[in-house]
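Encoded as structure tokens, the structure appears first; notes follow it.
Protein chains: 2
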Amino acid sequence: MTETELKHVPEDVSVVAEPSHDAEDRLTPEFVTGVLERVDSGDAEGARALVEPLHPADIADLFELTPSDRRQALAAALSDLLDGDVLAEMNDYVREDLIDALEPHQVAEIAGELDTDDAVAIIEDMEEDDQRAVLRALAPDDRAAIEEALSYPEESAGRLMQRDLIAVPEHWTVGDVLDYLRGNEDLTTDFWEVYVVDAAHHPVGCCALSWVLRTPRSIAISDVMAREQTLIPVDMDQEEAALKFQKYALISAAVVDQSGRLVGMITVDDIVHIIQEEAGEDILKLSGAGEGDINEPVMDSYKSRVRWLIANLATALVASTIIGLFEGTIAQMVTLAALMPIVAGVGGNAGTQTMAVTVRALATNQLTQSNTWRTIRREIRVALLNGATVAVVIGIGVALAFTNPQLGAVIAAAMMTNILIAGMAGVLVPLTLERYGADPAVASSVFVTMTTDSMGFFVFLGLAAATGLTG
Amino acid sequence: MTETELKHVPEDVSVVAEPSHDAEDRLTPEFVTGVLERVDSGDAEGARALVEPLHPADIADLFELTPSDRRQALAAALSDLLDGDVLAEMNDYVREDLIDALEPHQVAEIAGELDTDDAVAIIEDMEEDDQRAVLRALAPDDRAAIEEALSYPEESAGRLMQRDLIAVPEHWTVGDVLDYLRGNEDLTTDFWEVYVVDAAHHPVGCCALSWVLRTPRSIAISDVMAREQTLIPVDMDQEEAALKFQKYALISAAVVDQSGRLVGMITVDDIVHIIQEEAGEDILKLSGAGEGDINEPVMDSYKSRVRWLIANLATALVASTIIGLFEGTIAQMVTLAALMPIVAGVGGNAGTQTMAVTVRALATNQLTQSNTWRTIRREIRVALLNGATVAVVIGIGVALAFTNPQLGAVIAAAMMTNILIAGMAGVLVPLTLERYGADPAVASSVFVTMTTDSMGFFVFLGLAAATGLTG
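The listed protein sequences derive, respectively, from chains A and B.
So the first sequence is numbered by the UniProt record's numbering: it starts at 1 and just counts up by one.
So the second sequence is numbered by the UniProt record's numbering: it starts at 1 and just counts up by one.
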């Protein structure tokens, strides 16, 4: 199936062998230290010599791995290497740090080199005054493009798209397209598909470059193009656009405005970051860790996390109040106090399992109205099996350890009930939040934990009281 | 910045207006029901008419949304639409379901149409006997390609790559490349870059198709190609390959064998699924939810989840034992039993936050040896702030509610301590697991929860006992 003959080569050729990287393609601590030592000793030349061979993404990593109080010195030493490509690859917080120290005209110079989407990413987080100063320092056409992009909502396709693209009229032949591409110096080289548009600049098809290359010059482009193409509305949320790229295995997609005109293009390399971010975000949201970025300033992390801890405190008070109702029962048999966290804890874990599955299925559009009831029934079945297993284990264990079969039966029944409740809460809470337009990843955890804690204590202590358990 | 003039178009053109899809590009329940009703009433023709306009990814979704006991009937009605592209897009479990019902020669027919990587995805999960039967029924060259792919480890680049690619010698001109592409009917059309190889078939550069198209025929391809290219070793884990695609914004990458020869190509559309899966996996692993797929058979979900619940039960017993040590203290003041889950619970939440951040930072290669200590110090600072805030709130609240300042002081001190311990456990547990080669997402949760539960109870009850608190 390969296109050319494979010939035997005897010697072993090491494929990736830069000493600056470890086996997992991360910069080594020795390399980072080496660069910073040269910067500290005033050897900017030596630092530059080390860094110059690196890919812009690695230079961005180098800044991220440098302690924040030494980044300005590093930037000064490497100033000519710190270009737009490096900034575009950089973590938002680290970039803001560096950008803040630059003059507006320096930022404008960097932004002018970049595609619209990368320029917007650099400018959108600046203070309004600084932003205006940078925009004023830009060339008029770059400025217009960036201002238009900034007019779209944050995290929308309009912010993400680049306006440089190749659009050709539908009556052209493949030869016309080839001549146009080769004859116009100013055209972008960063494209993978050609869009075919009608007289009103509405997309009517798209054509992968491999098709342009494999087709004789005389054939009409409209005979080669794919007529079915995924169009991204300019105000579509970036997460939805990312799901489309994934679902339809797109390399690039045309972005259209409200009237259906072609206004830009999104390429998959910009989307890959979003897919990765959005998929990874759920875990951070579920745990209440906010942005969850290790480069975030401490005070920002504190603010986003403490809110959830306070919310958690409030739900813990509910559970505590429930325990308070049974103080008389506990006073009669203190062992109950030692056993009750088991029922609540394992129930909480079971709820978290179901919740994680449900949140992922919702995020990837796998769970829709068509299979909601089936999924709920499925989770209840799993919960029944899990509950039965854990209940038998803990029931027998407690009955033997305390030589108290009644205590064993109570904890087994409570465990079974709580795991079942956990399974239902784990699927119903995210579904309900989604139904009412809330992000299921953000608030599910608080409600599910409150349910499993409260019900765990209530069922266990309630059963103990009702069956007249005493030590 | 756009390449062609934009003309004003008055009418509003709706971009995506298929009634089969809802606003988020999911199939509507009405559509799914409509298809299944036609299948049930024997109207295969009508079902096919509804489904035919759909993209293969949507047909795959239709099968996923259909209850498992009706999928065979749907497959029978739509047999001619159920081709390799649809199967390649389908959820693994749903596909296995369908494949199991097909004869080996039918599977072979489908696999023969596909790229190697998609064919491998279909065949690799089959029982060994069935797999052999399918391989026997394949054409010899397809069979050889698939057998070679299957010889690479699961989840490696070798399984993921396609062997159809365009490789050209370095002495060719752009014109030679164009003539070669246009003159050979058998070449693949699924490529975005041309690889340039030396006489030993080692890659020496790559050239995006846009560069081939924008360059005059007479120029040597070696003057246009990029000499720096990311090579993927054939045995590299797919997750690592995905990180490379993301870091270097790749569209496709050459895969090389141990001796450095070009043996295949991976394109970004195959990688996007992996990035999404791997990033989403962490949340499922952390919660102990196994594969976490809503299409997984109930017994498989049960088996993967119950293991973690039993592990959680074991760690809950540790916490329970610690409480048991203080039964005398609790007997003197039963209120302690009602308050102690607050200390453990909020501590657990704080630990989960830090753990989620650490696991994500490790998974995305943001946390390396160079910034480990900085990250630990950072998390301790956040924990001190969080701990102080929550301690003040709960301390004052409890002191007032129970008119017992000493009790308030004890719970505040315990909360502060436990949140600090939680912050350290949340970052140190995943780091330690990673250092010893374990997947930090898999086992971190159990250890962190055990720490925060046990220490929460121990510190709170221990302080209460030590300070001689009584009701």
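Every residue, glycine too, gets a C-beta built ideally from N, C-alpha and C.
Tell me, which residues are paired with residue i by DSSP?
{"i": "L194(A)", "result": "Inspection of the sequence shows that residue 194(A) is occupied by Val rather than by Leu. Partner(s): C207(A)."}
{"i": "A253(A)", "result": "I266(A)"}
{"i": "D237(B)", "result": "S156(B)"}
{"i": "H21(B)", "result": "L27(B)"}
{"i": "L231(A)", "result": "A254(A)"}
{"i": "A226(A)", "result": "C206(A)"}
{"i": "W432(B)", "result": "The residue asked about is misnamed: residue 432(B) is Thr in this sequence, not Trp. Bridge partners of T432(B): none, in fact."}
{"i": "T173(A)", "result": "A220(A)"}
Starting from residue i, trace the beta strand (DSSP E) both ways and give me its first and last residue.
{"i": "P169(A)", "result": "A167 to P169"}
Taking residue i as the reference, which of the options has the closest Cα?
{"i": "A167(A)", "options": "G175(A), R159(A), S156(A) and L181(A)", "result": "L181(A)"}
{"i": "S445(A)", "options": "V429(A), G456(A) and E277(A)", "result": "V429(A)"}
{"i": "A311(A)", "options": "L187(A), Y302(A) and F447(A)", "result": "F447(A)"}
{"i": "D61(B)", "options": "N404(A), T452(A) and N365(A)", "result": "N365(A)"}
{"i": "L78(B)", "options": "T66(B), A47(B) and I342(B)", "result": "A47(B)"}
{"i": "T188(A)", "options": "L213(B), E193(B) and W172(B)", "result": "L213(B)"}
{"i": "E64(B)", "options": "T467(A), I122(A), V410(A) and T375(A)", "result": "T375(A)"}
{"i": "L339(A)", "options": "E37(B), G324(B), D25(B) and D58(B)", "result": "G324(B)"}
{"i": "A249(B)", "options": "V393(A), L243(A), D85(A) and I110(A)", "result": "D85(A)"}
{"i": "R71(B)", "options": "L54(B), R159(B), A363(B) and T33(B)", "result": "T33(B)"}
{"i": "A208(B)", "options": "T417(B), A101(B), D223(B) and W192(B)", "result": "W192(B)"}
{"i": "R163(A)", "options": "S68(A), S252(A) and N418(A)", "result": "S252(A)"}
{"i": "A350(B)", "options": "I380(B), W373(B), A363(B) and G328(B)", "result": "I380(B)"}
{"i": "D176(A)", "options": "L135(A), S218(A), A145(A) and A409(A)", "result": "S218(A)"}
Classify residue i as buried or exposed, calling it buried when 16 or more other Cβ atoms lie within 10 Å of its own Cβ.
{"i": "I396(B)", "result": "exposed"}
{"i": "P10(A)", "result": "No answer about P10(A) holds up, because its pLDDT of 33 lies below 50 and its placement is not dependable."}
{"i": "Y195(B)", "result": "buried"}
{"i": "T267(B)", "result": "buried"}
{"i": "T451(A)", "result": "buried"}
{"i": "F457(B)", "result": "buried"}
{"i": "K285(B)", "result": "buried"}
{"i": "A17(A)", "result": "Reliability fails at A17(A), whose pLDDT of 35 lies under 50, so the model's placement of it is uncertain and the value that follows must be treated cautiously. The residue in question, A17(A), is exposed, as its Cβ has fewer than 16 Cβ neighbours within 10 Å."}
{"i": "D12(B)", "result": "At D12(B) the pLDDT is 35, less than 50, meaning the model places this residue with poor confidence and gives no usable figure here."}
{"i": "E103(A)", "result": "exposed"}
{"i": "P216(A)", "result": "exposed"}
{"i": "M161(B)", "result": "buried"}
{"i": "E30(A)", "result": "exposed"}
{"i": "R305(B)", "result": "buried"}
{"i": "K7(A)", "result": "Bear in mind that a pLDDT of 33 at K7(A), under 50, signals an unreliable position, so the number given afterwards is only what the model happens to contain. Flag for K7(A) reads exposed."}
{"i": "H201(A)", "result": "buried"}
{"i": "L461(A)", "result": "buried"}
Taking residue i as the query, report the chain A residues whose CB atoms sit under 7 Å from its CB, ordered along the chain.
{"i": "Y248(B)", "result": "H55 and A57"}
{"i": "E24(B)", "result": "E240 and N365"}
{"i": "A337(B)", "result": "I323, I330 and A337"}
{"i": "R71(B)", "result": "Within 7 Å Cβ-Cβ: nothing; R71(B) doesn't reach chain A, min ~12 Å."}
Residues of chain B with CB under 9 Å from residue i, in chain order?
{"i": "T389(A)", "result": "Y302, V306, L309 and I310"}
Taking residue i as the query, report the chain B residues whose CB atoms sit under 7 Å from its CB, ordered along the chain.
{"i": "P67(A)", "result": "R374"}
{"i": "F191(A)", "result": "S210"}
Where do the N-terminal and C-terminal ends of the alpha helix (DSSP H) with residue i fall, by residue?
{"i": "F31(A)", "result": "P29 to D40"}
{"i": "I219(A)", "result": "Careful: I219(A) lies outside any alpha helix (DSSP H) and carries neither H nor E."}
{"i": "Q332(B)", "result": "E327 to Q332"}
{"i": "I294(B)", "result": "Looking at the DSSP string, I294(B) is not in any alpha helix (DSSP H), and its letter there is neither H nor E."}
{"i": "M450(B)", "result": "P440 to A466"}
{"i": "M355(A)", "result": "T335 to A363"}
{"i": "D164(B)", "result": "Neither: D164(B) is in no alpha helix (DSSP H) and is coded neither H nor E."}
{"i": "N386(A)", "result": "T372 to A401"}
So which residues on chain A does residue i lean against when the C-beta distance must stay under 9 Å?
{"i": "V120(B)", "result": "Residues of chain A passing the Cβ test: none, with the nearest at roughly 12 Å."}
{"i": "Q229(B)", "result": "By Cβ distance, chain A contributes nothing, its closest Cβ being about 11 Å from Q229(B), past 9 Å."}
{"i": "H273(B)", "result": "Q246 and A249"}
{"i": "P216(B)", "result": "R182"}
{"i": "A289(B)", "result": "T352, Q353, T354, M355, A356, V357 and R360"}
{"i": "E327(B)", "result": "V334, T335, A337 and A338"}
Chain A partners of residue i, CB-CB under 8 Å?
{"i": "W172(B)", "result": "Ordered by position in chain A, no residue passes the 8 Å Cβ test against W172(B), which lies about 12 Å from the chain."}
{"i": "P29(B)", "result": "T368, Q369 and S370"}
{"i": "residue 551(B)", "result": "Given that chain B is displayed from residue 1 to residue 471, the structure contains no residue 551(B) and the question cannot be resolved."}
{"i": "D282(B)", "result": "G280 and I283"}
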